[in-house]
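Enquirer: Please read through the structure below; I'll follow up with questions.
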Amino acid sequence: MAKPKKIIVTGGLGYIGSHTVVELQQRGYEVVIADNLSNSSASVADRIGRITGETPVLEVLDLSDRTACLRFFNIHADAGAVIHFAAAKAVNESVHKPLHYYRNNIDALLYVLEGMEAVGCRKLVFSSSCTVYGQPERLPVTEDTPRLEAMSPYGNTKRICEDILSDTVKASQEWKFLALRYFNPIGAHESALIGELPNGVPANLMPYITQSVAGLRPALQVFGHDYPTPDGTPVRDYIHVSDLAEAHVAAMEYLGKPGFSGMDFFNVGTGRGYSVLEVIQSFERATGKKVNYEIKERRQGDITQIWADTSKASRLLGWKACRDLDQMTSSAWKWQENLARAK
Ligand code: UFG
């Protein structure tokens with residue numbers, strides 16, 4: 422049997438990256454992780470190894486350092502494809518540190534592409550975000566829904582990176598790119614050995630809920646109760662991180678299909694929206710734990726509602742999310758409990 426292809430996963434110790442590494446290894450791929458440990462820990466590689474039986478190769482480097490990045494690609498010149506997660510991702514932080522976000526997220530993509538070009542590796546899956554749609558006029562959003570002006574430097578880096586890939590493909594059809602536009606990933610691997618580990622006070626809903634219920638944070642603040650939605654709280658398309666990880670493997674394999682060249686975009690969500698209060702109710706139902714919360718003012722920059730049309734991913738990638746909201750919330754709690762026990 423042919424040796425499985427080597428796949429480079431940048432940011433592979435992070436939340437979505439680590440779950441994707443597990444899925445790749447479980448399908449027989451050899452994985453090399455490039456990570457700068459800025460928002461992750463090297464111990465995640467060992468945890469991945471405990472799940473899959475094989476600790477992935479880890480190279481600690483900053484991809485926005487051009488020399489280091491090109492050296493890395495020369496060492497791993499036999500890689501068949503790249504899944505590029507490495508990026509700074511905190512929306513609010515990006516408003517206060519725009520230069521850091523542009524430098525970090527855009528330089529890293531440019532140097533990764535230069536490194537790939539130097540060794541003849543032409544396939545890349547890019548982490549994009551539904552943030553590129555802003556608040557769309559019509560729901561669900563399809564991949565053809567127009568992109569709107571970004572509401573944060575973080576969102577703008579996603580939009581610019583999509584454009585960099587599109588322009589690169591226009592110049593040379595040898596490249597094969599897919600941009601996956603994630604909706605709201607939550608939950609954790611069923612083993613509870615890997616999950617989301619935000620730095621400091623979580624800005625996102627699910628990790629705040631789990632840390633609050635664990636007694637590490639005050640009551641959850643529900644930002645706004647007067648939105649034009651069924652219960653007044655904003656609606657998002659939450660997706661289990663393991664479903665999202667599986668989408669990356671499907672995307673990477675799609676790039677290798679004969680006839681595919683150029684660039685394409687896919688929404689990666691479940692196709693169903695839930696409100697903040699519905700997420701809280703799911704958490705309470707699935708875990709038997711009470712979520713203490715108070716209704717507060719709207720958070721600046723939040724959109725009212727969004728959910729995905731996922732039919733393109735289902736048709737072309739043969740992928741569909743299969744885990745429900747209760748599986749998302751209960752797995753997030755299991756991970757939080759496991760973390761508490763590990764301390
Ligand atoms: N929320 C609260 N309280 C909190 C945290 C969040 O009520 O403490 C609410 C928010 O107001 C929002 C919902 O929970 O209505 C989801 O908020 P998140 O912060 O979890 O997620 P966002 O939809 O704001 O952001 C996500 C990703 C971003 C991405 C964006 C695209 O985290 O990376 O979707 O729309 F840019």
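422 is the number of the first residue of the sequence shown in the working numbering; add one for each residue after it.
From the three backbone atoms N, C-alpha and C, an ideal C-beta is built for every residue, glycine too.
(1) Out of curiosity, what's the CA-to-CA distance linking Ile727 and Gly694?
(2) So the alpha helix (DSSP H) Arg471 belongs to, where does it begin and stop?
(3) Tell me whether Ile446 is buried or exposed, calling it buried when 16 or more other Cβ atoms sit within 10 Å of its Cβ.
(4) Report the option in Val452, Met684 and Lys755 whose CA atom is closest to the CA atom of Glu475.
(5) At a cut-off of 8 Å, would you count Val769 as near the ligand UFG, judging by its Cβ distance to the nearest heavy atom?
(6) Would you kindly check if the distance between the Cβ of His505 and the Cβ of Val546 is under 9 Å?
(7) Which word fits Pro651, buried or exposed, when buried means at least 16 other C-beta atoms lie within 10 angstroms of its C-beta?
(8) Any chance you could list the residues with Cβ under 6 Å from a heavy atom of the ligand UFG, keeping chain order?
(9) Hey, quick one: how far does the beta strand (DSSP E) through Phe681 stretch, first residue to last?
(10) Using 10 angstroms around the beta-carbon of Gln757, count the other beta-carbons present and answer buried if the total reaches 16, otherwise exposed.
(11) Assign Lys714 to one of three DSSP states: helix, strand, or coil.
(12) Distance check for Glu444 and Asp770, CA to CA, integer angstroms please.
(13) Got a sec? Which residues, its chain only, sit under 7 Å from Tyr648 by beta carbon, not counting five neighbours each side?
(14) Would you call the CB atoms of Val533 and Leu484 closer than 9 Å?
(15) Helix, strand or coil, according to DSSP, for Ala640 in the structure here?
(16) Going residue by residue through the region 586 to 617, where are the continuous beta strand (DSSP E) segments of at least 3 residues, counting only ones entirely within it?
(17) Of the choices Val430, Asp664 and Leu614, whose alpha-carbon is the least far from that of Arg762?
(18) Enumerate, from N- to C-terminal direction, the unbroken alpha helix (DSSP H) stretches of 4 or more residues contained entirely within the region 476 to 508.
(19) Contact check, Asp664 vs Arg744 under 8 Å by CB: the rounded distance?
(20) CB Val562 to CB Ala729, shorter than 9 Å?
(21) Quick one: grab the DSSP three-state call for Gly733.
(22) Here's the rule: buried if 16 or more other CB atoms are within 10 angstroms of the residue's CB, otherwise exposed. What is Asn620?
(23) Nearest-angstrom Cα distance between Ala498 and Lys544?
(24) Buried or exposed: Arg736, going by 16 or more other Cβ atoms within 10 Å of its Cβ?
(25) Taking the straight line between their C-alpha atoms, what separation do you get for Gly433 and Val478?
(26) Considering only residues of the same chain and omitting the five flanking positions on each side of Lys741, which have a CB-CB separation below 6 Å?
(27) What residue from Val700, Val442, Gly555 and Ser459 has the CA that sits closest to Asn526's CA?
(28) Anyone know if the C-beta pair for Met673 and Phe598 falls short of 9 Å?
(29) With a floor of 3 residues, list each beta strand (DSSP E) that falls wholly inside the region 431 to 457, ordered by position along the chain.
(30) With 16 as the cutoff for other CB atoms within 10 Å, does Gln775 come out buried or exposed?
(31) Since Lys426 and Gly536 are thought to touch, with beta carbons under 8 Å apart, how far apart are those beta carbons, to the nearest angstrom?
(32) Which of the three DSSP states, helix, strand or coil, is assigned to Arg744?
Expert: Reading it off the structure:
(1) Residue 727 sits at position 306 when you count from the first residue of the sequence shown. Residue 694 sits at position 273 when you count from the first residue of the sequence shown. So the alpha carbons of these two residues sit roughly 7 Å apart.
(2) As a position in the sequence shown, residue 471 is number 50, starting the count at 1. Here the alpha helix (DSSP H) through Arg471 covers Ser464 to Thr473.
(3) Stepping through the sequence shown from its first residue, residue 446 is reached at position 25. Correcting the residue type first, residue 446 is Gln in the shown sequence and not Ile. Classification of Gln446: buried, given that the 10 Å Cβ count is 16 or more.
(4) Sequence index remark: in the sequence shown, residue 475 carries index 54 (1-based). Looking at the Cα atoms, Val452 is the closest of the given residues.
(5) In the structure as shown, the chain starts at 422 and stops at 764, and residue 769 therefore has no counterpart that could be examined.
(6) Mapped onto the sequence shown, residue 546 falls at position 125. Mapped onto the sequence shown, residue 505 falls at position 84. Contact: yes.
(7) Walking along the sequence shown from the start, residue 651 turns up at place 230. When all chains shown are included, Pro651 counts as exposed.
(8) Lys510, Val512, Ser550, Cys551, Thr552, Gly576, Asn605, Ala624, Asn625, Leu626, Tyr629, Leu641, Gln642, Val643, Phe644, Pro655, Arg657, Val697, Arg720 and Asp723
(9) Reading the sequence shown from its first residue, position 260 is the one you call residue 681. Careful: Phe681 lies outside any beta strand (DSSP E) and carries neither H nor E.
(10) Translated into the one-based positions of the sequence shown, residue 757 becomes position 336. Gln757 is buried by the Cβ-count criterion.
(11) Locating residue 714 in the sequence shown gives position 293, where the first residue counts as 1. A quick correction: the sequence has Tyr, not Lys, at residue 714. Correct three-state label for Tyr714: strand.
(12) The question about residue 770 has no answer, for the chain in this structure spans 422 to 764.
(13) For the purposes of this step, residue 648 is identified with residue 227 of the sequence shown, where counting begins at 1. Closer than 7 Å at Cβ, skipping near neighbours: Thr654, Pro655 and Thr725.
(14) Taking the first residue of the sequence shown as 1, we reach residue 533 at position 112. Taking the first residue of the sequence shown as 1, we reach residue 484 at position 63. Yes, the pair counts as a contact, with Cβ atoms nearer than the cut-off.
(15) What you label residue 640 is simply residue 219 of the sequence shown in a count that begins at 1. Coil at Ala640, not helix or strand.
(16) 597 to 603 and 605 to 607
(17) Translated into positions along the sequence shown, residue 762 becomes position 341. That would be Leu614, whose Cα lies nearest to the Cα of Arg762.
(18) 487 to 496
(19) Taking the first residue of the sequence shown as position 1, residue 664 is located at position 243. Taking the first residue of the sequence shown as position 1, residue 744 is located at position 323. Yes, they are in contact, since the Cβ atoms of Asp664 and Arg744 sit about 5 Å apart, within 8 Å.
(20) On the sequence shown, position 141 is the one that residue 562 refers to. On the sequence shown, position 308 is the one that residue 729 refers to. Yes, Cβ-Cβ distance for Val562 and Ala729 is below 9 Å.
(21) Along the sequence shown, read from residue 1 onward, the residue named residue 733 stands at position 312. Here the sequence assigns Lys to residue 733, which means Gly is not the residue at that position. Three-state result, Lys733: helix.
(22) Taking the first residue of the sequence shown as position 1, residue 620 is located at position 199. By the neighbour-count rule (16 or more Cβ atoms within 10 Å), Asn620 is not buried but exposed.
(23) Locating residue 498 in the sequence shown gives position 77, counting from the first residue. Locating residue 544 in the sequence shown gives position 123, counting from the first residue. Distance between the alpha carbons of Ala498 and Lys544: 13 Å.
(24) Taking the first residue of the sequence shown as position 1, residue 736 is located at position 315. Label assigned to Arg736: exposed.
(25) The residue labelled residue 433 in the question sits at position 12 within the sequence shown. The residue labelled residue 478 in the question sits at position 57 within the sequence shown. Distance between the alpha carbons of Gly433 and Val478: 10 Å.
(26) In the sequence shown, counting from the first residue as 1, residue 741 sits at position 320. These residues qualify, in order along the chain: Ser735.
(27) Start at 1 with the first residue of the sequence shown, and residue 526 comes out as number 105. For the residues Val700, Val442, Gly555 and Ser459, the minimum Cα distance to Asn526 belongs to Ser459.
(28) As a position in the sequence shown, residue 673 is number 252, starting the count at 1. As a position in the sequence shown, residue 598 is number 177, starting the count at 1. Their beta carbons are not under 9 Å apart, which means Met673 does not touch Phe598 by this criterion.
(29) 451 to 456
(30) The requested residue 775 is not part of the displayed model; the chain covers only 422 to 764.
(31) Looking up residue 426 in the sequence shown gives position 5. Looking up residue 536 in the sequence shown gives position 115. With 8 Å as the limit, Lys426 and Gly536 do not qualify as a contact, their Cβ atoms being about 17 Å apart.
(32) Looking up residue 744 in the sequence shown gives position 323. In the structure shown, Arg744 sits in coil (DSSP, three-state: anything other than H, G, I, E or B).
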